[in-house]
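S.K.:
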Amino acid sequence: DAGVIQSPRHEVTEMGQEVTLRCKPISGHNSLFWYRQTMMRGLELLIYFNNNVPIDDSGMPEDRFSAKMPNASFSTLKIQPSEPRDSAVYFCASSFRGEDTIYFGEGSWLTVV
Amino acid sequence: GQQVMQIPQYQHVQEGEDFTTYCNSSTTLSNIQWYKQRPGGHPVFLIQLVKSGEVKKQKRLTFQFGEAKKNSSLHITATQTTDVGTYFCAGRRNAGNMLTFGGGTRLMVKP
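From first to last, the protein sequence lines are chains A and B.
Okay, so the first sequence: first residue is 1200 according to the working numbering, each after it adds one.
Okay, so the second sequence: first residue is 11 according to the working numbering, each after it adds one.
(1) For Q90(B), count neighbouring C-beta atoms within 10 Å of its own C-beta (all shown protein chains included) and say buried if the count is 16 or more, exposed if not.
(2) Going by beta carbon distance, what residues of the same chain come within less than 8 Å of K46(B), once the five residues before and after it are set aside?
(3) Compare the Cα-Cα distances from Q13(B) to each of H22(B), D28(B), A88(B), I42(B) and report the closest residue.
(4) I'd like to check one pair, E1282(A) with V1311(A): are the Cβ atoms closer than 8 Å?
(5) List, in order along the chain, the chain B residues whose C-beta lies closer than 9 Å to that of I1301(A)?
(6) From the DSSP output, which residues share a beta bridge with D1255(A)?
(7) With 8 Å set as the bound, which would you pick, yes or no: does the beta-carbon of L1304(A) sit closer than that to a beta-carbon of chain B?
(8) How far does the beta strand (DSSP E) with G95(B) in it reach, from first residue to last?
(9) What separation, rounded to the nearest whole angstrom, lies between the Cα atoms of V1288(A) and Q1236(A)?
(10) Please identify, using Cβ separations under 8 Å, the residues of the region 1240-1258 of chain A that lie next to chain B, in order along the chain.
(11) With 16 as the cutoff for other CB atoms within 10 Å, does N81(B) come out buried or exposed?
(12) Judging by CA-CA distance, which residue of A1266(A), E1243(A), P1260(A) is the nearest neighbour of I1254(A)?
(13) Among F1273(A), S1286(A), F1248(A), whose alpha-carbon lies nearest the alpha-carbon of H1209(A)?
(14) Give me the chain A residues within the contact set of G114(B), using Cβ-Cβ distance strictly less than 8 Å, ordered along the chain.
(15) Compare the Cα-Cα distances from Q1205(A) to each of I1246(A), I1225(A), S1294(A) and report the closest residue.
(16) F1290(A) touches chain B at which residues, Cβ-Cβ below 7 Å?
(17) Between I1246(A) and V60(B), what straight-line distance do the alpha-carbon atoms span, to the nearest angstrom?
Here's what the structure looks like:
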């Protein structure tokens, strides 16, 4: 299996621009997670989907952040407009049934200048 | 809400020394998982503990789950430079609940 695939791996963008991060979960997994990692705040869960339906988005920082999962094999995390404090590594992860081991993608390293 | 705390935040050791990281939950857990993240990498699953008092070993790594299922530890014997990284515990309160990650312990090993 190819694992969780994220794109882009690295993105540098200017403040105010829209950023879209993409994720393809492991085939057959029905739970998908978006995490954000910074030195200050560690690993934070932003949103969690089960069977393509958002279950818990309480970790989404504010309205500038939105996430979608139009089908079982694709999800996006969008930041609009982006701000320097959004600079972080964004991990997508998936699991089967939401109860088992979580498999992380390699992350999208975002820098907003 | 559920909180999972890890100590220490950072640990420098000389190669060959032992290392331990501790994980404490504010609530009783149904299970606990441990992950390792290498510098520049992503968290990778190491192990899951489910039973009260459970002890599991992976080569030089020993994982324990407390009797009350509220704390856990990871002990590395005779650290090597390949052990460098951040070790996260992640606890689940009930089956089907979300995993809550601890803040991680960053291990640095001096050769």
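Glycine is no exception: its CB is placed at the ideal position from the N, C-alpha and C atoms.
M.R.: The short version:
(1) The C-beta of Q90(B) has fewer than 16 other C-beta atoms within 10 Å across all chains shown, which makes the residue exposed.
(2) Within the same chain, K46(B) has close Cβ partners P53, V54, L56, G95, T96, Y97, F98.
(3) Comparing Cα-Cα distances from Q13(B) to each of H22(B), D28(B), A88(B), I42(B), the minimum goes to I42(B).
(4) The answer is yes: Cβ separation under 8 Å.
(5) Within 9 Å Cβ-Cβ: Q43, Y45, P53, F55, A100, L109.
(6) Within the DSSP bridge table, the entry for D1255(A) names Y1247(A) as partners.
(7) According to the sequence displayed, residue 1304(A) carries Gly and not Leu. Residue contact with chain B for G1304(A): present (Cβ-Cβ distance below 8 Å to some residue of chain B).
(8) Counting along the chain, the beta strand (DSSP E) containing G95(B) begins and ends at 95-102.
(9) V1288(A) and Q1236(A): Cα-Cα distance of roughly 5 Å.
(10) If the cut-off is 8 Å between Cβ atoms, the region 1240-1258 of chain A has G1241, L1242, L1244, Y1247, D1255 near chain B.
(11) It counts as buried.
(12) Ranking the options by Cα distance to I1254(A), first place goes to A1266(A).
(13) Nearest option by C-alpha distance: S1286(A).
(14) G1241, L1242, listed in chain order.
(15) In this structure, I1225(A) is the residue among I1246(A), I1225(A), S1294(A) with its C-alpha nearest to the C-alpha of Q1205(A).
(16) Neighbours of F1290(A) in chain B, taken as residues at a C-beta separation under 7 Å, are given in chain order as H52.
(17) Answer to the nearest angstrom: the Cα atoms are 25 Å apart.
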